[in-house]
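Residues -18 to -1, 1 to 391 (mature numbering (1 follows the signal peptide of the UniProt record, and there is no 0)) are what the sequence shown spells out, left to right. No residue lacks a Cβ here, since even glycine has one placed at the ideal position from N, Cα and C. Notes follow the structure.
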Amino acid sequence: MRFSLVSSILMLVGLAASKALGPRPAVESVPAVDISLLSPRLPQPTVAYLPEHATPVRRWGRAPPAPATNDYMNHVVCKGINFLDAFPDTDEGAGSLWKPKLPSAHSSYTWPDLGAWGYNIYLCDPHGRDFTSNNLGLDRALRELGMSDKATEEGGRIRCLHVHHGDIMARYPHNNQRIPEDVQSYRGPDNRVRRVTGAYFVIGINADEGAIFTINVKGPSYTAPERFPPVPFDQLPNLRASSDVMWGLWKRYAPANTINNLKWYFVVGIVNDPTRSVLIRAMNELNEELKPYPGTWIGMDTVYGQAILGTPNAVGLGYFLAQHKPELGNLRVTGVVVFHGDTETKLPCLAFHVQPVPEDENKKDPDDPQGPGGNHPADWVGPVPPSLEVLGGCEGDQEHIDGSCSVSR
(Lines of atoms letter the chains of each structure in order from A and count residues from 1; the text may use other names and numbers.)
(Lines give C-alpha, C1' and ligand atoms only; values in the text may rest on other atoms or scores of the structure.)
Protein backbone atom coordinates (compact mmCIF):
# COMPACT_ATOMS: atom_id res chain seq x y z
CA MET A 1 0.00 0.00 0.00
CA ARG A 2 2.76 2.44 1.00
CA PHE A 3 4.80 1.49 -2.09
CA SER A 4 1.79 2.03 -4.34
CA LEU A 5 1.16 5.47 -2.82
CA VAL A 6 4.81 6.53 -3.23
CA SER A 7 4.84 5.29 -6.82
CA SER A 8 1.72 7.25 -7.61
CA ILE A 9 3.18 10.43 -6.14
CA LEU A 10 6.41 10.03 -8.11
CA MET A 11 4.43 9.43 -11.31
CA LEU A 12 2.39 12.61 -10.77
CA VAL A 13 5.55 14.61 -10.07
CA GLY A 14 7.16 13.25 -13.22
CA LEU A 15 4.12 14.11 -15.34
CA ALA A 16 4.04 17.63 -13.96
CA ALA A 17 7.74 18.12 -14.66
CA SER A 18 7.44 16.84 -18.21
CA LYS A 19 4.55 19.22 -18.89
CA ALA A 20 6.49 22.12 -17.42
CA LEU A 21 9.68 21.44 -19.36
CA GLY A 22 8.11 19.98 -22.45
CA PRO A 23 9.48 16.99 -24.35
CA ARG A 24 12.79 17.32 -26.14
CA PRO A 25 11.90 17.83 -29.80
CA ALA A 26 12.51 15.00 -32.18
CA VAL A 27 15.45 15.64 -34.46
CA GLU A 28 13.35 15.56 -37.61
CA SER A 29 10.85 18.07 -36.15
CA VAL A 30 13.46 20.85 -35.84
CA PRO A 31 13.99 22.61 -39.18
CA ALA A 32 17.56 23.53 -40.04
CA VAL A 33 18.14 27.25 -40.41
CA ASP A 34 20.69 28.39 -42.98
CA ILE A 35 22.16 31.37 -41.13
CA SER A 36 24.04 32.44 -44.24
CA LEU A 37 20.66 33.22 -45.81
CA LEU A 38 19.52 35.29 -42.83
CA SER A 39 22.62 37.47 -42.96
CA PRO A 40 24.44 37.02 -46.28
CA ARG A 41 28.21 36.72 -46.00
CA LEU A 42 30.22 39.76 -46.95
CA PRO A 43 33.51 39.47 -48.88
CA GLN A 44 35.19 40.19 -45.53
CA PRO A 45 33.73 38.84 -42.26
CA THR A 46 32.48 41.59 -39.98
CA VAL A 47 33.42 41.95 -36.32
CA ALA A 48 30.50 42.35 -33.92
CA TYR A 49 30.33 43.07 -30.20
CA LEU A 50 29.96 39.95 -28.10
CA PRO A 51 27.06 40.08 -25.62
CA GLU A 52 28.04 40.56 -21.98
CA HIS A 53 29.03 37.30 -20.23
CA ALA A 54 29.09 35.37 -23.51
CA THR A 55 32.70 34.24 -23.04
CA PRO A 56 32.75 30.40 -22.81
CA VAL A 57 33.21 29.16 -19.26
CA ARG A 58 36.47 27.35 -18.59
CA ARG A 59 36.53 24.24 -16.44
CA TRP A 60 38.19 25.46 -13.27
CA GLY A 61 39.35 23.39 -10.35
CA ARG A 62 40.00 20.09 -12.08
CA ALA A 63 42.23 17.58 -10.31
CA PRO A 64 45.66 17.21 -11.97
CA PRO A 65 46.20 14.08 -14.09
CA ALA A 66 48.92 11.50 -13.53
CA PRO A 67 52.32 12.21 -15.11
CA ALA A 68 52.54 11.31 -18.79
CA THR A 69 53.40 7.71 -19.64
CA ASN A 70 56.54 6.73 -21.54
CA ASP A 71 54.48 6.01 -24.66
CA TYR A 72 52.83 9.42 -24.61
CA MET A 73 56.12 11.18 -23.89
CA ASN A 74 57.64 9.42 -26.89
CA HIS A 75 54.74 10.61 -29.05
CA VAL A 76 54.96 14.28 -28.06
CA VAL A 77 58.78 14.35 -28.14
CA CYS A 78 58.71 13.03 -31.71
CA LYS A 79 56.06 15.56 -32.70
CA GLY A 80 58.10 18.36 -31.17
CA ILE A 81 61.19 17.20 -33.07
CA ASN A 82 59.21 17.24 -36.31
CA PHE A 83 58.34 20.88 -35.78
CA LEU A 84 61.91 21.78 -34.84
CA ASP A 85 63.07 20.08 -38.03
CA ALA A 86 60.46 21.95 -40.08
CA PHE A 87 61.27 25.44 -38.76
CA PRO A 88 64.64 25.91 -40.53
CA ASP A 89 63.57 23.94 -43.60
CA THR A 90 62.17 25.21 -46.87
CA ASP A 91 58.42 25.19 -47.46
CA GLU A 92 58.82 22.13 -49.67
CA GLY A 93 61.10 20.42 -47.17
CA ALA A 94 58.63 21.03 -44.36
CA GLY A 95 55.87 19.53 -46.51
CA SER A 96 57.86 16.31 -46.77
CA LEU A 97 57.47 15.87 -43.01
CA TRP A 98 53.69 15.60 -43.32
CA LYS A 99 51.96 12.24 -43.49
CA PRO A 100 51.20 11.75 -46.32
CA LYS A 101 53.98 13.90 -47.74
CA LEU A 102 52.95 17.22 -49.28
CA PRO A 103 54.68 19.19 -52.05
CA SER A 104 54.32 22.26 -49.81
CA ALA A 105 53.51 22.81 -46.15
CA HIS A 106 51.83 26.15 -46.88
CA SER A 107 48.26 26.76 -45.72
CA SER A 108 46.38 29.28 -47.85
CA TYR A 109 43.49 30.09 -45.47
CA THR A 110 43.15 33.78 -44.61
CA TRP A 111 40.69 36.19 -42.96
CA PRO A 112 37.89 35.98 -45.60
CA ASP A 113 37.87 32.18 -45.35
CA LEU A 114 36.73 32.35 -41.72
CA GLY A 115 33.37 33.79 -42.73
CA ALA A 116 33.09 31.48 -45.71
CA TRP A 117 33.41 28.42 -43.47
CA GLY A 118 30.68 29.46 -41.04
CA TYR A 119 32.65 31.43 -38.45
CA ASN A 120 31.50 34.69 -36.91
CA ILE A 121 33.94 37.03 -35.21
CA TYR A 122 33.15 39.00 -32.06
CA LEU A 123 35.03 41.34 -29.78
CA CYS A 124 35.51 39.72 -26.37
CA ASP A 125 33.29 40.84 -23.52
CA PRO A 126 34.95 42.71 -20.60
CA HIS A 127 35.52 39.54 -18.58
CA GLY A 128 37.03 37.62 -21.48
CA ARG A 129 39.58 40.37 -22.17
CA ASP A 130 40.52 40.94 -18.51
CA PHE A 131 44.25 40.18 -18.15
CA THR A 132 44.30 40.91 -14.40
CA SER A 133 44.05 38.42 -11.53
CA ASN A 134 40.27 38.64 -11.83
CA ASN A 135 40.45 36.38 -14.89
CA LEU A 136 43.64 35.60 -16.84
CA GLY A 137 46.30 36.76 -14.38
CA LEU A 138 48.89 37.71 -17.00
CA ASP A 139 49.17 41.46 -16.47
CA ARG A 140 52.24 41.36 -14.19
CA ALA A 141 54.11 38.92 -16.46
CA LEU A 142 53.38 41.09 -19.49
CA ARG A 143 54.60 44.22 -17.73
CA GLU A 144 57.83 42.47 -16.74
CA LEU A 145 58.31 41.55 -20.40
CA GLY A 146 57.83 45.20 -21.32
CA MET A 147 54.57 44.52 -23.15
CA SER A 148 51.05 45.88 -23.01
CA ASP A 149 48.91 44.23 -20.31
CA LYS A 150 45.51 45.51 -21.45
CA ALA A 151 43.03 45.02 -24.26
CA THR A 152 42.53 47.76 -26.83
CA GLU A 153 39.20 48.69 -25.22
CA GLU A 154 41.08 49.55 -22.02
CA GLY A 155 43.76 51.54 -23.82
CA GLY A 156 46.17 48.64 -24.38
CA ARG A 157 47.46 46.89 -27.48
CA ILE A 158 45.89 43.43 -27.20
CA ARG A 159 42.96 42.88 -29.55
CA CYS A 160 40.85 40.12 -28.00
CA LEU A 161 38.64 38.27 -30.49
CA HIS A 162 36.13 35.45 -30.15
CA VAL A 163 35.87 33.37 -33.33
CA HIS A 164 32.73 31.24 -33.15
CA HIS A 165 31.57 28.49 -35.49
CA GLY A 166 27.96 29.56 -35.69
CA ASP A 167 26.11 32.76 -34.98
CA ILE A 168 25.63 33.62 -31.30
CA MET A 169 23.30 36.48 -32.25
CA ALA A 170 21.16 34.72 -34.90
CA ARG A 171 17.42 35.12 -34.21
CA TYR A 172 14.23 33.94 -35.86
CA PRO A 173 12.71 36.82 -37.87
CA HIS A 174 9.13 36.08 -36.75
CA ASN A 175 9.61 36.07 -32.97
CA ASN A 176 13.16 37.36 -32.32
CA GLN A 177 14.02 34.21 -30.36
CA ARG A 178 17.61 33.00 -30.50
CA ILE A 179 18.27 30.29 -33.08
CA PRO A 180 19.93 27.33 -31.30
CA GLU A 181 23.27 26.23 -32.69
CA ASP A 182 21.87 22.70 -32.97
CA VAL A 183 19.78 23.82 -35.95
CA GLN A 184 22.10 26.38 -37.53
CA SER A 185 23.67 25.57 -40.88
CA TYR A 186 25.65 27.38 -43.56
CA ARG A 187 26.71 26.89 -47.18
CA GLY A 188 30.48 26.59 -47.52
CA PRO A 189 32.79 27.57 -50.39
CA ASP A 190 32.31 24.08 -51.88
CA ASN A 191 28.53 24.76 -52.04
CA ARG A 192 27.81 22.04 -49.45
CA VAL A 193 25.41 22.83 -46.63
CA ARG A 194 26.88 21.91 -43.26
CA ARG A 195 25.74 22.27 -39.67
CA VAL A 196 27.66 24.54 -37.34
CA THR A 197 29.60 22.96 -34.48
CA GLY A 198 29.64 25.71 -31.84
CA ALA A 199 33.46 25.65 -31.78
CA TYR A 200 35.16 28.72 -30.35
CA PHE A 201 38.61 30.28 -30.42
CA VAL A 202 39.20 33.14 -27.99
CA ILE A 203 42.49 34.65 -29.13
CA GLY A 204 44.43 37.79 -28.31
CA ILE A 205 46.52 39.55 -30.96
CA ASN A 206 49.19 42.12 -30.09
CA ALA A 207 50.66 42.74 -33.52
CA ASP A 208 52.56 45.86 -32.40
CA GLU A 209 54.71 43.97 -29.89
CA GLY A 210 54.63 40.53 -31.51
CA ALA A 211 52.45 38.36 -29.27
CA ILE A 212 49.60 35.88 -29.72
CA PHE A 213 47.47 34.63 -26.81
CA THR A 214 45.35 31.48 -26.94
CA ILE A 215 42.90 32.22 -24.18
CA ASN A 216 40.11 29.67 -24.58
CA VAL A 217 39.93 27.24 -27.47
CA LYS A 218 37.64 24.32 -28.24
CA GLY A 219 37.79 23.27 -31.87
CA PRO A 220 35.13 21.71 -34.12
CA SER A 221 36.38 18.16 -33.59
CA TYR A 222 35.60 18.52 -29.87
CA THR A 223 32.34 20.49 -30.04
CA ALA A 224 30.72 18.56 -32.92
CA PRO A 225 29.81 15.56 -30.69
CA GLU A 226 28.16 17.96 -28.21
CA ARG A 227 25.53 19.13 -30.69
CA PHE A 228 22.05 17.53 -30.77
CA PRO A 229 22.27 15.40 -32.76
CA PRO A 230 26.07 15.21 -33.03
CA VAL A 231 27.57 16.77 -36.15
CA PRO A 232 29.13 13.94 -38.20
CA PHE A 233 32.80 14.14 -39.08
CA ASP A 234 32.13 14.64 -42.80
CA GLN A 235 30.30 17.88 -41.96
CA LEU A 236 33.20 19.49 -40.10
CA PRO A 237 34.51 22.66 -41.76
CA ASN A 238 37.68 22.22 -43.79
CA LEU A 239 39.05 25.23 -41.91
CA ARG A 240 39.13 23.93 -38.36
CA ALA A 241 42.76 24.00 -37.15
CA SER A 242 43.60 26.59 -34.51
CA SER A 243 46.72 27.53 -36.49
CA ASP A 244 44.58 28.51 -39.48
CA VAL A 245 42.22 30.56 -37.31
CA MET A 246 45.17 32.31 -35.65
CA TRP A 247 46.75 33.03 -39.01
CA GLY A 248 43.54 34.62 -40.30
CA LEU A 249 43.53 36.99 -37.32
CA TRP A 250 47.28 37.65 -37.34
CA LYS A 251 47.38 38.46 -41.05
CA ARG A 252 44.32 40.70 -40.68
CA TYR A 253 45.74 42.82 -37.85
CA ALA A 254 49.53 42.66 -38.28
CA PRO A 255 50.93 45.37 -40.58
CA ALA A 256 52.50 43.91 -43.71
CA ASN A 257 55.96 45.18 -42.79
CA THR A 258 55.86 43.54 -39.34
CA ILE A 259 53.96 40.33 -40.08
CA ASN A 260 57.07 38.29 -39.21
CA ASN A 261 57.49 40.10 -35.89
CA LEU A 262 56.06 37.31 -33.72
CA LYS A 263 58.13 37.00 -30.53
CA TRP A 264 55.88 35.41 -27.90
CA TYR A 265 53.09 32.84 -28.01
CA PHE A 266 51.09 32.46 -24.79
CA VAL A 267 48.81 29.59 -23.80
CA VAL A 268 46.64 30.74 -20.91
CA GLY A 269 45.06 28.67 -18.10
CA ILE A 270 45.66 25.14 -19.42
CA VAL A 271 42.98 22.56 -18.56
CA ASN A 272 43.84 19.98 -21.24
CA ASP A 273 44.80 16.81 -19.36
CA PRO A 274 47.28 15.36 -21.91
CA THR A 275 49.19 18.66 -21.91
CA ARG A 276 49.09 18.92 -18.13
CA SER A 277 50.33 15.33 -17.78
CA VAL A 278 53.43 16.22 -19.82
CA LEU A 279 54.01 19.40 -17.81
CA ILE A 280 53.69 17.48 -14.53
CA ARG A 281 56.20 14.86 -15.62
CA ALA A 282 58.63 17.44 -16.97
CA MET A 283 58.50 19.59 -13.85
CA ASN A 284 58.80 16.57 -11.55
CA GLU A 285 61.90 15.28 -13.31
CA LEU A 286 63.44 18.75 -13.44
CA ASN A 287 62.77 19.08 -9.69
CA GLU A 288 60.84 22.27 -10.35
CA GLU A 289 57.61 23.58 -8.86
CA LEU A 290 54.94 25.33 -10.88
CA LYS A 291 55.62 28.96 -9.95
CA PRO A 292 54.30 32.38 -10.91
CA TYR A 293 56.15 34.27 -13.62
CA PRO A 294 59.13 34.21 -14.30
CA GLY A 295 58.48 30.51 -13.75
CA THR A 296 60.80 27.90 -15.27
CA TRP A 297 62.59 28.26 -18.61
CA ILE A 298 62.88 25.02 -20.63
CA GLY A 299 64.93 25.12 -23.83
CA MET A 300 64.05 23.34 -27.05
CA ASP A 301 67.43 21.59 -26.89
CA THR A 302 66.00 19.31 -24.17
CA VAL A 303 63.58 16.41 -24.38
CA TYR A 304 61.23 18.30 -22.06
CA GLY A 305 61.07 21.35 -24.31
CA GLN A 306 60.50 19.12 -27.32
CA ALA A 307 57.77 17.23 -25.46
CA ILE A 308 55.94 20.44 -24.50
CA LEU A 309 56.10 21.68 -28.11
CA GLY A 310 54.38 18.45 -29.17
CA THR A 311 51.46 18.75 -26.74
CA PRO A 312 47.89 19.56 -27.86
CA ASN A 313 48.16 23.12 -26.51
CA ALA A 314 51.36 23.88 -28.45
CA VAL A 315 50.98 22.19 -31.83
CA GLY A 316 48.95 25.16 -33.09
CA LEU A 317 52.11 27.25 -32.83
CA GLY A 318 54.13 24.56 -34.59
CA TYR A 319 51.75 24.48 -37.54
CA PHE A 320 51.46 28.29 -37.56
CA LEU A 321 55.22 28.67 -38.06
CA ALA A 322 55.71 25.66 -40.36
CA GLN A 323 52.81 26.46 -42.70
CA HIS A 324 53.40 30.16 -43.37
CA LYS A 325 57.05 30.38 -44.39
CA PRO A 326 56.39 32.50 -47.51
CA GLU A 327 54.96 35.24 -45.28
CA LEU A 328 56.86 34.74 -42.00
CA GLY A 329 60.18 33.47 -43.24
CA ASN A 330 61.82 30.80 -41.09
CA LEU A 331 60.88 31.38 -37.46
CA ARG A 332 61.62 28.90 -34.69
CA VAL A 333 60.78 28.26 -31.05
CA THR A 334 63.84 28.56 -28.80
CA GLY A 335 62.24 27.67 -25.48
CA VAL A 336 59.19 27.90 -23.26
CA VAL A 337 58.46 29.48 -19.89
CA VAL A 338 56.25 27.28 -17.70
CA PHE A 339 54.42 29.25 -15.00
CA HIS A 340 51.02 29.84 -13.46
CA GLY A 341 48.98 32.99 -13.77
CA ASP A 342 48.39 35.30 -10.83
CA THR A 343 44.98 33.76 -10.20
CA GLU A 344 43.33 31.81 -7.42
CA THR A 345 43.23 28.64 -9.53
CA LYS A 346 46.95 28.77 -10.46
CA LEU A 347 46.40 26.91 -13.72
CA PRO A 348 49.57 26.38 -15.77
CA CYS A 349 50.44 28.81 -18.55
CA LEU A 350 53.04 28.59 -21.29
CA ALA A 351 55.02 31.37 -22.98
CA PHE A 352 56.92 30.19 -26.06
CA HIS A 353 59.77 32.40 -27.27
CA VAL A 354 59.92 32.79 -31.07
CA GLN A 355 62.95 34.05 -33.01
CA PRO A 356 64.17 34.00 -36.62
CA VAL A 357 66.23 30.97 -37.56
CA PRO A 358 69.90 32.06 -37.88
CA GLU A 359 70.93 32.21 -41.53
CA ASP A 360 73.63 29.57 -41.10
CA GLU A 361 71.07 27.09 -39.70
CA ASN A 362 68.55 27.35 -42.52
CA LYS A 363 68.21 24.06 -44.35
CA LYS A 364 69.98 24.10 -47.70
CA ASP A 365 70.79 20.45 -48.39
CA PRO A 366 67.58 18.49 -49.07
CA ASP A 367 69.51 15.21 -48.79
CA ASP A 368 70.70 15.81 -45.20
CA PRO A 369 69.49 12.66 -43.37
CA GLN A 370 69.96 14.13 -39.91
CA GLY A 371 67.46 16.92 -40.24
CA PRO A 372 68.16 20.62 -40.54
CA GLY A 373 68.45 21.79 -36.98
CA GLY A 374 70.52 19.24 -35.11
CA ASN A 375 67.32 17.80 -33.67
CA HIS A 376 67.97 14.15 -34.35
CA PRO A 377 67.55 12.20 -31.06
CA ALA A 378 71.26 11.41 -31.04
CA ASP A 379 71.99 15.14 -30.92
CA TRP A 380 70.00 15.93 -27.78
CA VAL A 381 72.06 18.18 -25.53
CA GLY A 382 73.11 16.73 -22.19
CA PRO A 383 72.48 13.29 -20.72
CA VAL A 384 69.05 11.77 -21.18
CA PRO A 385 67.34 11.47 -17.77
CA PRO A 386 67.21 7.81 -16.62
CA SER A 387 63.42 7.77 -16.62
CA LEU A 388 63.43 8.67 -20.33
CA GLU A 389 66.09 6.21 -21.47
CA VAL A 390 63.38 3.72 -22.39
CA LEU A 391 62.01 6.19 -24.93
CA GLY A 392 65.05 5.95 -27.14
CA GLY A 393 63.91 9.01 -29.04
CA CYS A 394 62.10 8.16 -32.27
CA GLU A 395 62.45 4.54 -33.27
CA GLY A 396 64.68 4.39 -36.32
CA ASP A 397 66.29 7.21 -38.24
CA GLN A 398 63.15 7.93 -40.25
CA GLU A 399 60.54 7.59 -37.49
CA HIS A 400 60.21 11.35 -36.99
CA ILE A 401 59.72 11.87 -40.73
CA ASP A 402 57.36 9.11 -41.83
CA GLY A 403 56.43 7.45 -38.55
CA SER A 404 53.28 7.47 -36.47
CA CYS A 405 54.09 10.78 -34.84
CA SER A 406 54.98 12.84 -37.90
CA VAL A 407 53.18 16.14 -38.34
CA SER A 408 49.91 14.79 -39.69
CA ARG A 409 46.61 16.45 -38.85
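DSSP lists V29 and V145 as the beta-bridge partner residues of I103. Taking a C-beta distance under 8 angstroms as the contact criterion, N312 and P85 do not qualify as a contact pair. Taking a contact to require three or more Cβ pairs closer than 8 angstroms, the region 211 to 227 and the region 267 to 276 do not qualify as touching. T205 and G180 do touch by the CB rule: their CB atoms are close to 5 angstroms apart, below 8 angstroms.
For S115, the closest C-alpha among the options P94, V250 and A333 is that of V250.
Annotation for G281: the continuous beta strand (DSSP E) segment containing it runs T278 to G281. Looking at the DSSP output, N188 bridges to A193. Distances from the alpha-carbon of T316 to those of P340, T325, Q305 and K307 put P340 closest.
Looking at V145, D107 and T72, the one whose alpha-carbon comes closest to that of P308 is T72. Under DSSP, Y168 takes part in a beta bridge, and its partners are R176. When DSSP states are grouped into helix, strand and coil, L231 belongs to the helix group.
Bridge pairing for A133: I140 [DSSP]. Separation of the CB atoms of D164 and R125 is rounded to 43 angstroms, and the pair is thereby denied contact status at 8 angstroms. Exclusion of the five residues before and after V58 leaves V260, A289, G292 and T293 as the residues of its chain whose Cβ lies within less than 7 angstroms of its Cβ. Per DSSP, the beta-bridge partners of Q337 are R314. Beyond the five residues adjoining it in sequence on each side, P202 comes within less than 7 angstroms, by CB distance, of H147, T179, A181, L218, P219 and R222 in the same chain, given in chain order. At least 8 angstroms separates the beta-carbon of I140 from that of N102.
Contact between M129 and E74 is ruled out by a C-beta separation of about 35 angstroms, above the 8 angstroms threshold.
The DSSP-derived three-state label of W80 is coil.
Annotation: the continuous alpha helix (DSSP H) that includes Y54 extends over N52 to A68. For the pair I252 and L329, the CB atoms are nearer than the 8 angstroms cut-off. For V319, DSSP records a beta bridge to W279 and A333. Between L79 and N64, the C-beta spacing is below 8 angstroms. Where F302 is concerned, the enclosing alpha helix (DSSP H) starts and stops at V297 to A304. In the three-state DSSP reduction, Y154 falls in the coil class, being neither helix nor strand. Counting C-beta atoms within 10 angstroms of its own C-beta, Y154 has fewer than 16 neighbours from the protein chains shown and is therefore classed as exposed. Here V318 is near G287, since their CB atoms are less than 8 angstroms apart. Put simply, of A304, V336 and A50 the residue whose alpha carbon is nearest the alpha carbon of K245 is V336.
Between the alpha carbons of Y275 and T327 lies a distance of about 15 angstroms.
Looking at the DSSP output, F183 bridges to V145 and V199.
DSSP lists A193 and H335 as the beta-bridge partner residues of W246. With a contact defined as Cβ atoms closer than 8 angstroms, I194 and Y235 miss out at about 10 angstroms. R263 carries a helical assignment under DSSP once its states are collapsed to helix, strand and coil. The straight-line gap separating the alpha-carbon atoms of D283 and M265 is approximately 16 angstroms. With distances taken between CA atoms, S224 lies nearest to K200 out of R111, A133 and K200. Looking only at R160, D112, H306 and R258, the smallest Cα-Cα distance to N295 is reached by R258.
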